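S.K.: Here you go, one structure.
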Amino acid sequence: MPKKRKPSLLLTLGATGLLIGGGATAYWVFLQSQGQLENLPVGSNIIPQDALVALSISTNTQQWQQLQQFGTPQIQAQLKTNLAQLGDRLLTANGYNYQRDIQPWVGKEVSIAFLPPSIPATSNSSLPPNSDRQQSLVMVLPIADRIAAKRILEQPKPSAQGKTRQRNYKGVEIRETQAAKAQYYSAAVLDGRYLIVTDRPQATDRAIDTYKGTAASLKQTAGYTNAFEQIATKQRFAQLYVNVPVAARIAAANPSRSFSPQGLAQLQNNQGVAATINLESEGIRLKSISWRKPDSQQVFAVENNAGKMQSRLPAETLMMLSSGNLQRLWQEYAREVQSNPQAPIRPQELRKGVTSVTGLDLDQDLLSWMDGEFAVSMVPAAPKAGAPDNFALSLVFLVQTKNRNKAEQALFQLERVMRSKYQFQVQETKIKDRTVTNWIAPYGTVATRGWLDGDVAFFALGAPVAERLIPQPQSNLASAAQFQQTVPSALNATNGQFFLDVEPTVKALPLPQLFSGQQIFFDATRSIGVTSAISSDRSIRYDVFVALKKIGSR
1 MPKKRKPSLL LTLGATGLLI GGGATAYWVF LQSQGQLENL PVGSNIIPQD
51 ALVALSISTN TQQWQQLQQF GTPQIQAQLK TNLAQLGDRL LTANGYNYQR
101 DIQPWVGKEV SIAFLPPSIP ATSNSSLPPN SDRQQSLVMV LPIADRIAAK
151 RILEQPKPSA QGKTRQRNYK GVEIRETQAA KAQYYSAAVL DGRYLIVTDR
201 PQATDRAIDT YKGTAASLKQ TAGYTNAFEQ IATKQRFAQL YVNVPVAARI
251 AAANPSRSFS PQGLAQLQNN QGVAATINLE SEGIRLKSIS WRKPDSQQVF
301 AVENNAGKMQ SRLPAETLMM LSSGNLQRLW QEYAREVQSN PQAPIRPQEL
351 RKGVTSVTGL DLDQDLLSWM DGEFAVSMVP AAPKAGAPDN FALSLVFLVQ
401 TKNRNKAEQA LFQLERVMRS KYQFQVQETK IKDRTVTNWI APYGTVATRG
451 WLDGDVAFFA LGAPVAERLI PQPQSNLASA AQFQQTVPSA LNATNGQFFL
501 DVEPTVKALP LPQLFSGQQI FFDATRSIGV TSAISSDRSI RYDVFVALKK
551 IGSR
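In UniProt numbering, the protein residues as written are 1 to 554.
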């Protein structure tokens with residue numbers, strides 16, 4: 001009888017090493033995946049990939065108390081109304097009360113996702129007849145205390161809406177409540193880890209499919225995880241994701257809008273916009289990023305050369321928008337919106353307008369030499385002695401050029417047109433050691449142009465402010481306390497910045513209605529600051545800070 005051979009020591013050690021190494025590797029992979037999920041909106045592995053919008057919000061009561069300190073009574077009332085409507089739509093409809101049934105066990109954040117109207121039908125024959133394709137809501141509530149959640153969620157829930165029923169989908173028990181118009185609200189627990197609540201059974205089934213890995217999730221979207229890792233912060237209050245291709249398709253399907261196939265394709269080169277929101281002592285800070293699809297043929301030129309124009313403007317400047325290379329910015333804008341009828345500025349119409357008014361070609365005569373940093377700003381004139389309330393503003397445009405000779409030729413040609421066609425007086429004068437040119441209209445309006453240093457042209461329309469630009473002001477916008485406190489500075493190299501001192505600007509200018517509730521927002525806001533940077537050839541970073549008033553303050 002042959003002897004049994006004992007395994008060699010080398011083989012035993014090798015097998016042991018493989019087991020330990022494999023276990024360590026698996027544990028490391030687990031930790032890595034958990035770390036990635038920490039940076040992502042909760043439920044990113046549950047929410048279907050075609051979600052239009054996903055919003056993750058903190059459940060920390062201290063943060064909500066901090067939020068309630070900001071704004072005005074009107075904006076706080078509006079916030080409470082919106083939250084109550086959302087709670088009624090999902091929680092109350094399913095028989096849940098947040099304080100009683102959710103708060104004792106819920107995790108640090110909850111997510112709400114909006115699924116697009118066109119939802120594929122599921123193959124489950126047990127679904128109620130309500131299969132109309134409308135926008136759906138999905139709420140994901142992570143379970144932090146399983147014992148409390150099990151005790152509370154297993155209790156029978158009275159429904160104010162209608163009849164309830166149970167059904168099973170792929171091993172998951174679903175509780176449904178029938179509402180008016182044959183609409184069913186659904187709630188289901190996934191592996192004791194998440195409660196999902198939806199306003200349509202189809203949305204519930206899609207979330208279950210996504211969680212089980214048989215359908216794509218937000219987490220699998222190209223660039224999604226990397227985007228949120230770039231804007232990760234501690235103690236965040238909320239996270240937001242907008243699915244740009246889906247938003248474009250929905251907008252194109254709107255019969256009141258007319259998108260060409262080319263215009264839709266342009267929008268669908270973009271993949272998404274993500275933001276992380278934090279509450280601070282003086283307002284709300286957002287770190288955001290937008291990115292394009294990995295196969296997009298359109299890429300960004302990675303240039304972050306802006307940041308000098310702020311030091312050329314006086315500290316009292318009310319509004320400033322700056323960016324790099326105006327020529328390139330215009331070319332990219334014109335290409336992006338050429339087939340979009342909803343564009344606020346239509347390139348062809350602007351080109352025709354400039355030619356009609358001035359006889360110049362916008363692209364060849366003007367923008368061709370505007371190839372450096374630029375800024376558009378609103379600057380108040382210095383108050384006159386004895387008339388401190390006589391408030392006057394000037395629109396100031398600064399632009400850097402690499403071809404001053406070409407710029408001078410275009411400006412001289414423009415001045416000839418202003419004299420001959422519009423009877424403007426064109427007069428040269430001196431400010432300090434600089435020559436500037438005033439354009440005086442027949443009705444008295446004055447515009448002034450000149451040069452700051454050797455390569456920065458300025459043009460001021462309205463109140464006389466050239467004396468505030470020449471020489472370069474020592475008390476400038478870049479050194480102003482409000483600017484420094486408002487405009488984010490974490491991005492070292494920048495492609496542009498925006499600053500708005502809200503209250504005096506709103507008082508001085510009749511601003512157009514840009515969005516619903518605009519005046520309520522302005523009443524609650526002190527100032528707004530934005531800094532942007534091109535982080536790669538397919539992504540742009542934006543940091544935003546909104547300085548808010550506090551309840552009871554003026």
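Using N, Cα and C, we set each Cβ at its ideal position, and we do this for glycine too. This structure is a prediction, so every number in the text was calculated from the model and none was measured.
Determine whether the beta carbon atoms of SER322 and PHE374 lie at a separation below 9 Å.
M.R.: The answer is yes: Cβ separation under 9 Å.
S.K.: By DSSP, does ARG541 sit in helix, in strand, or in coil?
M.R.: In the structure shown, ARG541 sits in a strand (DSSP, three-state: E or B).
S.K.: Determine contact between the stretch 277-287 and the stretch 464-480, defined as no fewer than three beta-carbon pairs at a distance below 8 Å.
M.R.: Touching, no, given that fewer than three Cβ pairs across the two stretches are closer than 8 Å.
S.K.: Pop quiz: TRP439 and VAL426 are said to be a contact at Cβ under 8 Å. What is the actual Cβ separation, rounded to whole angstroms?
M.R.: Between VAL426 and TRP439 the Cβ distance is about 6 Å, and since that is below 8 Å, they are a contact.
S.K.: Helix, strand or coil for TYR443, going by three-state DSSP, please let me know.
M.R.: Here TYR443 sits in coil by DSSP.
S.K.: For LYS430, which of GLY450, TYR443, TYR422, GLN423 has the nearest alpha-carbon?
M.R.: For LYS430, the nearest C-alpha among the options comes from GLY450.
S.K.: Go ahead and label LYS402 buried or exposed: buried means 16 or more other beta carbons lie within 10 angstroms of its beta carbon, across all protein chains shown.
M.R.: Exposed, by the Cβ-count rule.
S.K.: Measure how close the beta-carbons of VAL546 and THR531 come, nearest whole angstrom, since I'm counting them as under 8 Å.
M.R.: Not confirmed; about 13 Å, so no contact.
S.K.: Helix, strand or coil: how does DSSP classify SER281 here?
M.R.: Coil.
S.K.: Decide if ILE147 is buried, meaning its Cβ has at least 16 other Cβ atoms within 10 Å, or exposed.
M.R.: So ILE147 ends up on the exposed side.
S.K.: Measuring alpha carbon to alpha carbon, tell me which of ARG151, GLU109, SER394, GLN65 ends up nearest ARG100.
M.R.: Minimum Cα distance to ARG100 is reached at ARG151.
S.K.: DSSP state of SER516, grouped into three classes?
M.R.: Note: SER516 maps to coil in three-state DSSP.
S.K.: Counting contacts by CB-CB distance shorter than 9 Å, is THR198 in contact with chain B?
M.R.: Looking at the structure shown, chain B is missing, and only one protein chain is on hand.
S.K.: How close, in whole Å, do the beta carbons of VAL399 and LEU461 come, if the pair is a contact with beta carbons under 8 Å?
M.R.: Contact flag wrong, Cβ pair sits at about 14 Å.
S.K.: Between the stretch 203-221 and the stretch 70-83, are three or more C-beta pairs nearer than 8 Å?
M.R.: Counting Cβ pairs under 8 Å, fewer than three are found: no touch.
S.K.: Return yes when at least one heavy atom of the ligand NAD lies under 8 Å from the C-beta of ALA77, else no.
M.R.: Ligands are entirely absent from the displayed structure, and the ligand NAD is therefore not among its contents.
S.K.: Have a look at ALA508, ALA478, PRO104, ILE112 and flag the residue whose alpha-carbon is nearest the alpha-carbon of GLY87.
M.R.: Answer by Cα proximity: ILE112.
S.K.: SER217 and PRO201: beta carbons closer than 9 Å?
M.R.: Not closer than 9 Å, so no.
S.K.: Could you pull the start and end residues of the alpha helix (DSSP H) that VAL417 belongs to?
M.R.: Per DSSP, VAL417 belongs to the alpha helix (DSSP H) from 404-422.
S.K.: With ASP501 as the anchor, note down where its beta strand (DSSP E) starts and where it stops.
M.R.: 496-501 is the span of the beta strand (DSSP E), which, as asked, contains ASP501.
S.K.: Can you tell me whether GLU173 is buried or exposed, with buried defined as 16 or more other CB within 10 angstroms of its CB?
M.R.: Exposed, by the Cβ-count rule.
S.K.: Run through DSSP, which three-state label would ILE345 get?
M.R.: Coil at ILE345, not helix or strand.
S.K.: Reducing DSSP to helix, strand and coil, say where SER131 ends up.
M.R.: Unreliable placement is indicated for SER131, whose pLDDT of 45 sits below 50; the coordinate value is still reported in the next sentence. In the structure shown, SER131 sits in coil (DSSP, three-state: anything other than H, G, I, E or B).
S.K.: Closer than 7 Å by C-beta to VAL502: which residues in its own chain qualify, once you throw out the five before and the five after it? Chain order, please.
M.R.: Contacts found: PHE522, THR525, ARG526, SER527, ILE528.
S.K.: Taking only three categories from DSSP, how would you classify GLY21?
M.R.: At GLY21 the pLDDT is 45, less than 50, meaning the model places this residue with poor confidence and gives no usable figure here.
S.K.: Strictly by DSSP, which residues pair up with ARG165?
M.R.: Note: ARG165 sits in a beta bridge opposite GLU176.
S.K.: Buried or exposed for ASP241, going by 16 or more other Cβ atoms inside 10 Å?
M.R.: A small correction: the amino acid at residue 241 is Tyr; Asp does not occupy that position in the sequence shown. TYR241 should be labelled buried.
S.K.: Measuring straight from C-alpha to C-alpha, what distance separates ARG538 and TYR96?
M.R.: Distance between the alpha carbons of ARG538 and TYR96 is about 43 Å.
S.K.: Considering only their Cβ atoms, is the gap separating ASN305 from ALA490 smaller than 9 Å?
M.R.: Not a contact, by the Cβ cut-off of 9 Å.
S.K.: When the distance is taken between beta carbons, is MET378 closer than 9 Å to THR198?
M.R.: It is not a contact, given that the beta carbons lie outside the stated cut-off.
S.K.: Go ahead and label GLY43 buried or exposed: buried means 16 or more other beta carbons lie within 10 angstroms of its beta carbon, across all protein chains shown.
M.R.: That one is buried.
S.K.: At which residues does the beta strand (DSSP E) containing LEU115 begin and terminate?
M.R.: Here the beta strand (DSSP E) through LEU115 covers 109-115.
S.K.: Apart from the five residues on each side of it in sequence, which residues of its chain come closer than 6 Å, Cβ to Cβ, to LEU294?
M.R.: Residue identity check: residue 294 is Pro in the sequence provided, not Leu. Hits under 6 Å: ALA222.
S.K.: At the level of alpha carbons, what is the spacing between LEU393 and ASP209?
M.R.: Approximately 59 Å between the Cα atoms of the pair.
S.K.: Could you please give the first and the last residue of the uninterrupted beta strand (DSSP E) stretch that includes PHE483?
M.R.: Where PHE483 is concerned, there is no enclosing beta strand (DSSP E), although the alpha helix (DSSP H) it sits in stretches over 481-486.
S.K.: For TRP369, which residues in the same chain have their Cβ closer than 6 Å to its Cβ, ignoring the five residues on either side in sequence?
M.R.: Within the same chain, TRP369 has close Cβ partners THR401, ASN403, LYS406, ALA407.
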